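Asks:
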Amino acid sequence: MEDHEILLKFQDPASRNLAFNQLVRKYQRKVYWHVRKMVVDHDDADDLTQDVFIKVWKHLENFRQDAQLFTWIYRIATNECLNFLGSKRRKFLLPLTDVGAELAAKMEADPALAGDEIELNLQKAILQLPDKQRLVFNLRYYDEMPYEQMAEVTGTSVGALKASYHHALKKVEDYVTRASE
Amino acid sequence: MKTAFKLDAHPRRPRPLLSEPPADYFDRLPTRVMSRLPGAAAAAPGWRWLAWLTPALRTGLASVAVLGGFAASFYLSGSPGAGAPVAATARLDAVPRTELVGYLLTSGARVETSDLAVLTAADPGFAQGFLHASADELTDALDAQPTEDQTYL
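Residue numbers (our numbering), protein chains in the order written: chain U, 1 to 181; chain L, 182 to 334.
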């Protein structure tokens with residue numbers, strides 16, 4: 001089902017649930033993996049993914065279609081992730097590096113990464129980045145999202161995003177190089 | 182000396198190497214999300230307006246409904262029970278005493294002369310109009326009543 005069709009059906013109370021069910025089915029994987037890359041842990045990603053779609057439900061009626069539906073959903077998911085990581089840091093009074101270390105520990109415990117030292121070092125390098133820079137890195141490197149679309153998701157200018165990605169890339173490469181020596 | 186790591190030279194993956202979610206995770210997720218929607222799937226159409234009320238208002242409304250239910254059930258169950266004896270007594274008052282006594286003596290209601298004798302002892306003028314017995318006969322009837330000691334021996 002196309003986005004415009006989903007939105008049209010969502011406006012009609014009789015077909016609203018059906019339309020929203022289609023929306024969840026269409027975007028659940030992208031939202032889940034976008035969140036999972038940020039929080040690493042599956043259970044956290046599961047909770048946040050559900051929260052994202054609940055927020056989408058609450059606000060979809062007011063969606064003005066200035067942006068693409070998926071970009072708008074990505075923005076909600078991004079904010080949920082940043083709020084989650086921020087509240088975790090505030091709750092346990094953790095500095096930035098400790099949250100990164102916690103996520104890295106979860107990453108190391110993941111059996112999918114066992115035996116792949118370079119990949120593990122790459123993931124640990126990414127987790128050392130500040131949350132917003134890590135978000136920019138994920139959107140650009142993994143999702144290959146155009147900068148213009150990233151600007152809509154993050155509310156940051158294209159120039160700032162390019163600079164942020166360049167710095168993130170340099171930090172990641174330096175970290176993996178040092179870790180491999 | 183090792184060469185510097187370059188991300189461009191590293192095999193690109195669509196996402197980090199993380200373990201996959203459970204096999205049926207994405208089959209179940211839409212249902213789980215739908216079940217968490219605020220009153221969307223579960224509420225009947227006639228009750229959808231409740232979803233727009235604040236939680237505090239919904240709690241208040243529920244309290245009023247419960248208290249109202251109690252009050253209504255108390256009123257409905259209590260009113261016939263309280264009203265009936267008054268009405269029955271009122272109707273009984275309208276029946277002349279002679280008719281009442283005649284009914285009691287002839288209907289097999291196990292009212293005996295000695296019962297009436299007790300009434301006469303309490304109110305000597307009470308029996309004069311309808312009880313055809315002299316004072317001596319009534320006294321004899323009272324004397325014939327067993328004492329409490331005999332009753333409980």
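Note that the Cβ used here is the ideal one computed from N, Cα and C, for glycine as well. Remember, it's a predicted structure, so these values are computed and weren't measured experimentally.
1) Pick out whichever of 153/U, 179/U, 130/U, 63/U has its Cα sitting closest to the Cα of residue 86/U.
2) Nearest-angstrom Cα distance between residue 79/U and residue 244/L?
3) Mind reading off the beta-carbon distance from residue 171/U to residue 128/U? Whole number of angstroms is fine, and I expect it under 8 Å.
4) Just mark residue 124/U as buried or exposed, buried being the case when its beta carbon has 16 or more other beta carbons within 10 Å.
5) With residue 2/U as the anchor, note down where its alpha helix (DSSP H) starts and where it stops.
6) Taking C-beta pairs closer than 8 Å, name the residues in chain U that residue 213/L reaches, listed in chain order.
7) At a cut of 8 Å, does the segment 1–14 of chain U reach the segment 57–77 of chain U through at least three beta carbon pairs?
8) Tell me, please, whether the CB atom of residue 21/U is closer than 7 Å to any CB atom in chain L?
9) Are residue 198/L and residue 112/U touching if we call contact CB-CB under 7 Å?
10) Helix or strand or just coil, what does DSSP make of residue 224/L?
11) Assign residue 11/U to one of two classes, buried (16 or more other C-beta atoms within 10 Å of its C-beta) or exposed (fewer than that).
12) Are at least three pairs of beta-carbons, each pair with one atom in the segment 135–144 of chain U and one in the segment 29–42 of chain U, less than 8 Å apart?
13) My output table needs one value for residue 144/U: the three-state DSSP class, helix, strand or coil.
14) Compare the C-beta of residue 188/U against all C-beta atoms of chain L and say whether one is closer than 7 Å.
15) Assuming residue 210/L and residue 28/U form a contact by the criterion Cβ under 8 Å, report the distance between their Cβ atoms to the nearest whole angstrom.
16) Please report the straight-line C-alpha distance between residue 242/L and residue 76/U, rounded to a whole angstrom.
17) At 7 Å on the CB atoms, spell out the chain L contacts of residue 112/U, in chain order.
18) Can you tell me the Cα-Cα spacing of residue 15/U and residue 61/U, whole angstroms?
19) How many Å lie between residue 110/U and residue 194/L at the Cα?
20) Can you tell me whether DSSP reads residue 272/L as helix, strand or coil?
21) Which residues, in order along the segment 71–90 of chain U, keep a beta-carbon less than 8 Å from a beta-carbon of chain L?
22) Can you say whether residue 331/L is buried or exposed, counting buried as having 16 or more other CB atoms within 10 angstroms of its CB?
23) Please tell me whether residue 156/U has its Cβ less than 7 Å away from any Cβ of chain L.
24) Taking just the CA atoms, how far does residue 254/L sit from residue 278/L?
25) Starting from the beta carbon of residue 190/U, find every residue of chain L whose beta carbon is closer than 7 Å, and list them in chain order.
26) Below 7 Å CB to CB, which residues in the same chain sit around residue 200/L once its five sequence neighbours on both sides are set aside?
27) Grab me the residues of residue 20/U's own chain with a C-beta within less than 7 Å of its C-beta, minus the 5 sequence neighbours each way, in chain order.
28) Cβ of residue 149/U within 7 Å of Cβ of residue 214/L?
29) Are any of the Cβ atoms in chain L nearer than 7 Å to that of residue 142/U?
30) Is there a Cβ of chain L sitting closer than 7 Å to that of residue 42/U, yes or no?
31) Can you find the residues in the same chain that come closer than 8 Å, C-beta to C-beta, to residue 167/U, ignoring five residues on each side of it along the sequence?
32) Take residue 165/U as the anchor and find which of 152/U, 153/U, 141/U has the nearest alpha-carbon.
33) Rounding to the nearest angstrom, what Cα-Cα distance links residue 159/U and residue 153/U in this structure?
34) Near residue 72/U, what residues of its chain come up, given a Cβ to Cβ distance below 7 Å and the 5 sequence neighbours on each side ignored?
35) Which same chain residues end up closer than 6 Å to residue 31/U when comparing Cβ atoms and leaving out the 5 residues on each side of it in sequence?
36) Less than 7 Å between CB atoms is the rule here; does residue 190/L satisfy it with respect to chain U?
Replies: Let's see:
1) Residue 130/U is the option with its Cα nearest to residue 86/U.
2) About 37 Å.
3) Rounded to whole angstroms, the Cβ separation of residue 171/U and residue 128/U is 7 Å, and the two are in contact under 8 Å.
4) The Cβ neighbour count for residue 124/U, taken over all protein chains shown within 10 Å, is at least 16; the residue is labelled buried.
5) Segment: none, residue 2/U is in no alpha helix (DSSP H) and carries neither H nor E.
6) In chain order: 50.
7) Result yes; three or more Cβ-Cβ pairs closer than 8 Å.
8) So yes, residue 21/U belongs to the interface.
9) Yes, the Cβ-Cβ distance between residue 198/L and residue 112/U is below 7 Å.
10) Reliability fails at residue 224/L, whose pLDDT of 46 lies under 50, so the model's placement of it is uncertain and no value is given.
11) Exposed is the call here.
12) Touching, per the Cβ criterion.
13) In this structure, residue 144/U counts as coil in the three-state DSSP scheme.
14) A question about residue 188/U goes unanswered here, because the residues of chain U that appear run from 1 up to 181.
15) Distance from residue 210/L to residue 28/U at the Cβ level is roughly 5 Å; contact confirmed, criterion being Cβ atoms closer than 8 Å.
16) When rounded, the distance between both Cα atoms is 33 Å.
17) What residue 112/U touches in chain L: 198, 199, 200.
18) Rounded to whole angstroms, residue 15/U to residue 61/U spans 13 Å at the Cα level.
19) Approximately 17 Å between the Cα atoms of the pair.
20) In the structure shown, residue 272/L sits in a helix (DSSP, three-state: H, G or I).
21) Those residues of the segment 71–90 of chain U that come within reach of chain L (Cβ to Cβ, closer than 8 Å) do not exist; the list is empty.
22) With a pLDDT of only 47 at residue 331/L, under 50, the local geometry of the prediction cannot be trusted, and the value read off the model is given with reservation. In summary, residue 331/L is exposed, with fewer than 16 beta-carbon neighbours lying within 10 Å of its beta-carbon over all protein chains present.
23) Cβ-Cβ to chain L under 7 Å: no for residue 156/U.
24) So the two alpha carbons sit approximately 39 Å from each other.
25) With chain U covering only 1 through 181, there is no way to say anything about residue 190/U.
26) There are no such residues.
27) The beta carbon of residue 20/U lies closer than 7 Å to those of 10, 57 in the same chain, with the five residues before and after it left out.
28) Taking 7 Å as the Cβ cut-off, residue 149/U and residue 214/L do not qualify as a contacting pair.
29) Chain L has a Cβ within less than 7 Å of the Cβ of residue 142/U.
30) Yes, residue 42/U counts as interfacial toward chain L.
31) The residues are 133.
32) With distances taken between Cα atoms, residue 165/U lies closest to 141/U.
33) Approximately 14 Å between the Cα atoms of the pair.
34) Cβ neighbours of residue 72/U beyond the five flanking positions: 63.
35) Taken in chain order, the residues that qualify are 49, 52, 77.
36) No, no contact with chain U.
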